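Q: Going letter by letter, the sequence shown gives residues 1 to 335 in UniProt numbering. Note that CB positions come from ideal geometry on N, CA and C, so glycine has one too. Just so we're clear, the structure is a prediction, and the values are computed from it rather than from any experiment. One structure, pasted below without further comment.
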Amino acid sequence: MGRPRTAACTGFASSARRAWPSRSSAVTGTAGGSGTSSPPDVPAGPGPGAAGAGRRPDRAVWTRVDGIQGASLDLLDARIGRRHYAPHAHDEYAIGVCVDGLETMRYRGERLYSAAGSIVVIEPGEAHTGGPADQDGFAYKCLYPTAELVGAAAGWDGGLPHFREPIVDDPVLAGRLRLAHRSLRTAGDPLEGESRLLEVLGAIVRRHAVRIPPGGPWPRGASGIARAVAARLSDEMVEPPTLAEVAADLGLSRYQLLRAFRDSMGMPPYAWLAQHRVARARTLLDAGHRPAEAASLVGFADQAHLTRWFRRVLGVTPGAYRNSVQDRARRRPAS
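Structure, rendered in structure tokens:
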């Protein structure tokens with residue numbers, strides 16, 4: 001298992017997401033500026049500190065660990081006092097544990113709350129928000145395993161683990177998840193970290209998930225429409241079609257398409273496309289492209305446009321993220 005790479009962002013005025021040192025190389029920066037903040041999911045409550053006095057700044061630290069079942073794994077360690085994340089989705093599972101305070105989120109059409117000791121599971125492609133439920137904020141630790149890793153950890157041969165309940169009340173597993181996260185992030189013993197990870201993922205799936213068979217047709221209704229639109233936008237990411245074009249091809253009005261997409265994804269198509277572009281830009285930065293190049297290749301107007309969305313989704317700038325990638329590459333031992 002490779003050494004972890006860490007990119008940190010403190011006091012940021014935009015969004016990261018959930019529930020992500022030889023130790024690792026670290027890059028710290030402050031994100032801010034106009035156009036990067038998301039509207040609050042829930043207004044800050046009244047009371048002492050509601051105006052921000054005495055609060056610790058929001059902080060998100062991302063770490064990438066290589067060599068987990070032949071792939072990499074992202075980790076997040078964050079404390080959020082004021083920020084509320086705009087609706088967004090991940091390509092991987094987001095499996096986190098709240099370690100302090102109370103978080104609120106919108107997921108699958110409901111408002112949910114998770115307190116310290118709760119495990120939160122967000123499935124790939126599921127739109128969600130997140131933020132503090134009160135003026136005291138919250139802290140959480142999260143990891144982002146692929147569907148293949150989650151299924152393999154449970155010993156499943158195919159099929160997608162589905163969690164009917166996103167908030168898991170299992171204090172024992174919550175403690176084991178924290179230990180696995182800490183072991184992976186500090187890189188004390190690679191074998192211990194990977195073993196703890198696979199054991200806790202397997203236990204979470206076996207106790208709290210059901211298996212969805214692979215393949216099969218898309219469901220009817222809003223979900224099917226949203227998936228069709230998302231697939232088209234992904235295929236034509238750099239020069240996307242207009243809403244009128246997509247709606248006409250699906251035999252819908254633009255209003256019907258927008259309502260179905262928002263109901264299913266929790267965001268309009270343009271926001272989904274921007275976050276999809278961020279995910280693709282991230283892979284380009286991993287491969288060594290400069291932020292300006294990545295912005296152009298995924299369809300953003302310029303580097304500033306990429307930076308605004310990158311901060312909203314990941315909590316760090318593209319440059320800080322790329323520097324952490326390059327620094328880790330320089331530190332990797334020669335084989």
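Alpha carbon to alpha carbon, how far is F261 from D189? Give it in angstroms, no decimals.
A: Straight-line Cα distance between these residues: approximately 45 Å.
Q: When the Cα atoms are used, what is the spatial distance from A152 to S253?
A: If you take the alpha carbons of A152 and S253, they lie about 42 Å apart.
Q: Over the uninterrupted beta strand (DSSP E) stretch that includes S118, give me the two end residues.
A: Careful: S118 lies outside any beta strand (DSSP E) and carries neither H nor E.
Q: Under DSSP, the alpha helix (DSSP H) around Y255 begins and ends at which residues?
A: Run containing Y255: R254 to M265, per the alpha helix (DSSP H) assignment.
Q: Using CA coordinates, which residue listed in G193, A281, F163 and A287 is at the minimum distance from A301?
A: Checking every option, the nearest Cα to that of A301 belongs to A281.
Q: Mark I68 as exposed unless 16 or more other C-beta atoms lie within 10 angstroms of its C-beta, in which case mark it buried.
A: Looking at its Cβ environment, which holds 16 or more other Cβ atoms inside 10 Å, I68 is buried.
Q: So, is V120 buried or exposed, given that buried needs 16 or more other C-beta atoms within 10 angstroms?
A: Classification of V120: buried, given that the 10 Å Cβ count is 16 or more.
Q: Do V210 and R164 have their beta-carbon atoms positioned less than 8 Å apart in this structure?
A: Result yes, Cβ atoms of R164 and V210 sit closer than 8 Å.
Q: Curious, which full-length alpha helix (DSSP H) runs of at least 4 residues does the stretch 83-160 contain?
A: Here the runs fully enclosed are 147-153.
Q: Are the beta-carbon atoms of A174 and G101 separated by less than 8 Å?
A: No. Outside cutoff.
Q: Using a threshold of 8 Å, state whether the C-beta atoms of G137 and R79 are closer than that.
A: A contact, by the Cβ cut-off of 8 Å.
Q: Which class does A320 belong to by DSSP, given the choice of helix, strand or coil?
A: Three-state DSSP puts A320 in a helix.
Q: For G29, which residues in the same chain have their Cβ closer than 7 Å to its Cβ, ignoring the five residues on either side in sequence?
A: With a pLDDT of only 32 at G29, under 50, the local geometry of the prediction cannot be trusted, and no value is derived from it.
Q: Is any non-hydrogen atom of the ligand NAP found closer than 7 Å to the C-beta of L197, if you look at the structure I gave you?
A: Absence of the ligand NAP is noted for the structure shown, with no ligands found whatsoever.
Q: For T129, which residues of its own chain have a beta-carbon under 6 Å away from its beta-carbon, when the five flanking residues on both sides are left out?
A: Cβ within range, chain order: D41, Y85, P87, M105 and R106.
Q: Tell me, please, which residues DSSP counts as bridged to H305.
A: The partner list for H305 (beta bridge, DSSP) is empty, contrary to what the question assumes.
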